[in-house]
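Protein chains: 2
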Amino acid sequence: MSPASRESGGRDLRRNAPIFAALGDATRLKLLTKLSRGSRVSIARLTEGSTLTRQAITKHLRVLQDAGLVRGVRRGRENLFELEPEPLDEARRALDVISRQWDQVLARLKSFVE
Amino acid sequence: MSPASRESGGRDLRRNAPIFAALGDATRLKLLTKLSRGSRVSIARLTEGSTLTRQAITKHLRVLQDAGLVRGVRRGRENLFELEPEPLDEARRALDVISRQWDQVLARLKSFVE
DNA sequence: TTCATATGCAACCTCCTGGTTGCACAATAG
DNA sequence: CTATTGTGCAACCAGGAGGTTGCATATGAA
Numbered sequence: 000m001s002p003a004s005r006e007s008g009g010r011d012l013r014r015n016a017p018i019f020a021a022l023g024d025a026t027r028l029k030l031l032t033k034l035s036r037g038s039r040v041s042i043a044r045l046t047e048g049s050t051l052t053r054q055a056i057t058k059h060l061r062v063l064q065d066a067g068l069v070r071g072v073r074r075g076r077e078n079l080f081e082l083e084p085e086p087l088d089e090a091r092r093a094l095d096v097i098s099r100q101w102d103q104v105l106a107r108l109k110s111f112v113e
Numbered sequence: 000m001s002p003a004s005r006e007s008g009g010r011d012l013r014r015n016a017p018i019f020a021a022l023g024d025a026t027r028l029k030l031l032t033k034l035s036r037g038s039r040v041s042i043a044r045l046t047e048g049s050t051l052t053r054q055a056i057t058k059h060l061r062v063l064q065d066a067g068l069v070r071g072v073r074r075g076r077e078n079l080f081e082l083e084p085e086p087l088d089e090a091r092r093a094l095d096v097i098s099r100q101w102d103q104v105l106a107r108l109k110s111f112v113e
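Residue numbers (numbering that gives the first Met the number 0), protein chains in the order written: chain A, 0 to 113; chain B, 0 to 113.
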């Protein structure tokens with residue numbers, strides 16, 4: 000068994016806190032869905048249609064980037080952002096860890112009741 | 000198709016922001032793993048072994064409860080907390096939505112390169 | 001060159017979050 | 001009854017998050 004999963008199972012889950020925190024904002028989720036269409040999008044275009052300032056959007060993108068969910072590549076005068084697949088998969092796996100234990104608990108409970 | 004999934008796919012994702020926000024804290028993730036063992040645990044016992052105050056733990060539990068991830072039931076003088084399975088599953092499904100689109104994008108990209 | 005576009009940086013503001021302390025109160029234990 | 005245990009509530013505090021504005025700068029277009 001790997002060291003991470005041996006130690007009470009909580010450590011590798013706790014590692015994902017920054018990712019979840021980055022996901023815990025409606026504006027940022029909106030940005031992610033815009034980016035999930037696949038093309039690289041500039042900050043200006045990501046700001047279009049939002050009530051927020053370009054600077055606000057920039058800050059949100061920074062948060063997403065620090066969490067590793069997104070990456071910005073420079074092209075000419077614009078900064079194009081694209082999704083970064085791996086961390087999200089990891090977060091999903093982390094949720095799997097809890098809900099799997101959860102399921103076991105429920106199954107145990109159910110068999111106890113029946 | 001449901002109304003939620005029809006509207007640009009982003010709305011039902013954005014609904015999960017509070018859940019992700021609740022998950023975005025190391026202390027709360029630790030609490031969740033403690034609770035994922037299945038038994039109902041009192042605030043006092045959840046506080047044991049932590050460097051934080053009971054009040055701090057209480058506040059975190061409140062956040063988890065407001066996000067619907069946890070539920071407190073009163074027994075005598077103590078407040079026992081237990082997990083609430085459904086919202087977490089929903090959050091996981093929400094992540095699935097992004098990463099599935101993501102995968103499609105990557106697949107498209109790959110087939111384009113090859 | 002000259003103008004417009006896309007961004008970056010920094011200062012500033014307000015409000016929420018995470019944490020503490022102190023006190024009051026209900027429920028058990030002896 | 002009295003002491004102890006488990007909570008709840010409120011006030012308070014420091015720091016960070018989200019947002020704005022103003023200005024500087026690089027690139028592209030004409």
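Just so you know, even glycine gets a beta-carbon here, dropped at the ideal spot from N, CA and C.
Keep in mind that this is a model prediction, so the values were computed, not measured.
Contact criterion: CB-CB distance below 8 Å. Does S35(B) meet it with respect to chain A? Chain A has a Cβ within less than 8 Å of the Cβ of S35(B).
Using only alpha-carbon positions, find the residue among R92(A), A93(A) and F80(A) that is nearest to L68(A). Here the closest residue by C-alpha is F80(A).
Once the 5 residues before and after A90(A) are set aside, which same chain residues still bring their CB inside 8 Å of it? Excluding sequence neighbours, A90(A) sits near N15, I18, F19 and L22.
For S35(B) and G75(B), what's the separation of their Cα atoms in angstroms? Using only the alpha carbons, I get a separation of about 23 Å.
Pick from K33(B), A43(B) and S49(B): whose alpha carbon is nearest that of E77(B)? Among K33(B), A43(B) and S49(B), the Cα nearest to that of E77(B) belongs to A43(B).
I'd like the list of long-range same chain contacts for R39(B), defined as Cβ closer than 6 Å, with 5 residues on each side in sequence excluded. The residues are L79 and E81.
Please report the Cβ distance between G60(B) and G48(B), rounded to the nearest whole angstrom; I am assuming they are in contact, meaning their Cβ atoms lie under 8 Å. Inspection of the sequence shows that residue 60(B) is occupied by Leu rather than by Gly. In fact, because the Cβ distance is near 15 Å, the residues do not count as touching under 8 Å.
Could you name the residues of the same chain whose beta carbon sits closer than 8 Å to that of K33(B), not counting the 5 residues immediately before and after it, in chain order? So the list reads V40 and L45, once near-sequence residues are dropped.
Beta-carbon proximity list for L12(A), same chain, < 8 Å, skipping 5 on both sides: So the qualifying residues of the chain are A93, V96 and I97.
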